[in-house]
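Each protein sequence line maps, in turn, to chains A and B. 52 is the number that this note's numbering gives to position 52 of the first sequence; each next residue is one higher, with no gaps. In this note's numbering, each residue's number is its place in the second sequence (first place is 1) plus 1000. In this text, a Cβ means the ideal position worked out from N, Cα and C, and glycines have one as well. Quantities reported herein were computed from a predicted structural model and do not represent experimental measurements.
Protein chains: 2
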Amino acid sequence: MLVNGFPSNSISAEDRGLMYGDGVFRTLLIKQGIPQCWQRHYQKLKHDCTVLGLNCPESESILDDFVGHSDCVAKIIITRGSGIRGYACSSSAQEETRITSFSPMTNYPVSHSTQGVTVHLCTLRLGHQPILAGVKHLNRLENVLAANECQHAGMVEGILQDEQGWVISGTRSNLFSIRNGMLYTPDLGQCGIAGVQRDRVLDWAKRYSFPHTIQPISLEELLLSDEVFLVNSVLGLWPVCKLSSYHRTSHPISWAIQQWLSDETH
Amino acid sequence: MLVNGFPSNSISAEDRGLMYGDGVFRTLLIKQGIPQCWQRHYQKLKHDCTVLGLNCPESESILDDFVGHSDCVAKIIITRGSGIRGYACSSSAQEETRITSFSPMTNYPVSHSTQGVTVHLCTLRLGHQPILAGVKHLNRLENVLAANECQHAGMVEGILQDEQGWVISGTRSNLFSIRNGMLYTPDLGQCGIAGVQRDRVLDWAKRYSFPHTIQPISLEELLLSDEVFLVNSVLGLWPVCKLSSYHRTSHPISWAIQQWLSDETH
């Protein structure tokens, strides 16, 4: 683990990342020493920093942090650094904290990618906050509580709706639905995180002129899908085989996209 | 600063308080070595820990942390501790992190308490999350962004509405309105933090049989108040002298409550 480029396992207990969740993060794969989809991840990191008014470190600084790591999951956290007590950012120039950590590649069962996963319908509903929607910031209690629900239900992932009942995402993944030859993914203007893998799936649709649209999706519509799948940069793509009354054993388009995502990773 | 009772300025960079804002906090005054309203603060801390499923440390452990501190602002953070990567809490018993820190008493201008403060009407609207509403957890980006708005507007505090336009609170304070002999404070069932000082004001109303009610307050109603005031455990009570079209120079009931709060602090 590196803090601002230097080996360290700790940060200041006054860091605003801890005190207020005042920061952003990204999680990505490094394979054979190559950070996967790095340009996309860096652009997202930069975007999210901009939303919070944080200075994003140079791409090179982060790539330097990755040196010597071959096959693993990398996580980058950028916080607003240490500040005086109080919510407002000190007007004086603050120095961001950059934490880069590595963990072993997660070995999910192969069946998650092939047969798909049974997912929990979370009771927690995501609140709306348009200013922060889409951003992968450090205020993630909703995801923690939703993930706990899944854990208690004995399921590996769960589906989150917003307060109005629109389907938004998984607890740690973006969601897609295919119905009558159209690819749908929820609008994330009010809540949710717009992940890199979500962008890549939309790129697949553009590339192959597969009809696609970003729009609100109701639970009723979702359960009538021909296919439902979940994506993120670490797990790749998992078809959903069961969710409430939805039950599918074949996921032909999901599998095609999954293949494309894993072939075109760089 | 103490971490789990031992002098330290740092915490693990894998602490869930940092990674997800998975924790709660409290801020209170210590005067002449006596933590003010300690029983109330401890009960709130315990309540908030329960909502997140955290083990709250014993009151004695925290009071031990306070030993040797005479007049200052104390802050207690309880996080879920360090965990493996991923939103879900490991099912194995985790050890919470307790961070106790101290900062000098803030010297606000006396006029804030006497003449009152001019406050900003924040453009940021609080999102709804009934599961977390009222809890002083570490996901405080909304407060950070709102406080920045106030700072840019050159004002010491701001008023927050929720997404539907109901008035909820200040950026770091609870809000009260007095109109036609009735004391109003917003319902916090959807968002906002229910602070100790808010409870104390409600106790004042009960004690003196002052008509009072907890209910949604519209901005229009607020601006027609006879008096508006803001409270928290550190700043005490600040009357609002100006907010948009609302403008008052006399705050008789606010001053009476202010006096009672400061007399009855223990």
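Same chain only: Cβ atoms within 7 Å of residue i, ignoring 5 sequence neighbours per side
i, result
"I178(A)", "S225, D226, E227, I253"
"T118(A)", "M155, C241, K242"
"T213(A)", "M182, Y184"
"C1089(B)", "R1080, G1083"
"I1217(B)", "W1166, V1167, S1177, Y1184, P1186"
"G116(A)", "W238, P239, V240, C241, H251"
"L1219(B)", "Q1161, G1165, V1167"
"S262(A)", "G236"
"Q1215(B)", "Y1184, D1187"
"G1189(B)", "P1130, A1133"
"A194(A)", "G134, L188"
"T249(A)", "C241"
"Q1094(B)", "R1080, G1081, G1083"
Residue i, buried or exposed, once every other Cβ within 10 Å from all chains shown has been counted against 16
i, result
"F6(A)", "exposed"
"N148(A)", "buried"
"R207(A)", "exposed"
"P109(A)", "exposed"
"N1174(B)", "buried"
"V3(A)", "buried"
"L138(A)", "buried"
"Q1039(B)", "exposed"
"P211(A)", "exposed"
"G1086(B)", "buried"
"D64(A)", "exposed"
"S1012(B)", "buried"
"G1053(B)", "exposed"
"G1264(B)", "Sequence check: residue 1264(B) is Glu here, not Gly. E1264(B) is exposed by the Cβ-count criterion."
"S113(A)", "buried"
8 Å CB neighbourhood of residue i in its chain, flanking five on each side removed
i, result
"E163(A)", "R125, L126, G127, H128"
"L1223(B)", "L1243, S1244, S1245, Y1246"
"I1131(B)", "V1051"
"P1035(B)", "L1028, L1029, H1041, L1063, F1066, A1074"
"R140(A)", "G21"
Sub-8 Å separation of residue i and residue j beta-carbons
i, j, result
"Y1042(B)", "S1059(B)", "yes"
"T1171(B)", "C1191(B)", "no"
"M1019(B)", "N1009(B)", "no"
"R1268(B)", "V1144(B)", "Because chain B is modelled from 1001 through 1266, residue 1268(B) falls outside the range shown and cannot be assessed."
"V1073(B)", "M1105(B)", "yes"
"E1037(B)", "V1201(B)", "Reading off the sequence shown, one finds Cys at residue 1037(B), where the question assumed Glu. Result no, Cβ atoms of C1037(B) and V1201(B) do not sit closer than 8 Å."
"D1071(B)", "K1031(B)", "yes"
"T27(A)", "V234(A)", "yes"
"N1055(B)", "E1014(B)", "no"
Proximal residues to residue i (C-beta, below 6 Å), its chain only, five neighbours per side dropped
i, result
"C1122(B)", "A1146, E1149, G1158, L1160"
"A153(A)", "H120"
"R98(A)", "N4, P57, I78"
"Q258(A)", "L237"
"W204(A)", "I257, W260"
"S1169(B)", "L1160, L1175, G1192"
"W1255(B)", "none"
"H1069(B)", "I1030, F1102"
"G1017(B)", "G1023, T1079, L1138"
"E1221(B)", "none"
"D1048(B)", "V1024, V1135, K1136"
When you compare the stretch 1067-1084 of chain B with the stretch 1014-1031 of chain B, are there three or more beta-carbon pairs, one atom per stretch, that lie closer than 8 Å?
At 8 Å Cβ cutoff, the stretches touch.
Secondary structure, beta strand (DSSP E): runs of 3+ residues fully inside the stretch 8-45 of chain A:
With a minimum length of 3 residues, the continuous beta strand (DSSP E) runs that stay inside the stretch 8-45 of chain A are 10-12, 23-31.
Which runs of the alpha helix (DSSP H) spanning at least 4 residues fall entirely within the stretch 1059-1094 of chain B, listed in chain order?
The stretch 1059-1094 of chain B contains these whole alpha helix (DSSP H) runs: 1059-1066.
So within the stretch 1233-1258 of chain B, which uninterrupted beta strand (DSSP E) runs reach at least 3 residues, ignoring any that extend past its ends?
You should have 1236-1243.
Please give me, in chain order, every unbroken run of the alpha helix (DSSP H) with length at least 4 that falls completely inside the stretch 1144-1220 of chain B.
1196-1207, all fully within the stretch 1144-1220 of chain B.
Note down, one range per segment and in chain order, each beta strand (DSSP E) of at least 3 residues found wholly within the stretch 89-139 of chain A.
For the stretch 89-139 of chain A, whole beta strand (DSSP E) runs of length 3 or above, ordered along the chain, are 97-104, 120-126.
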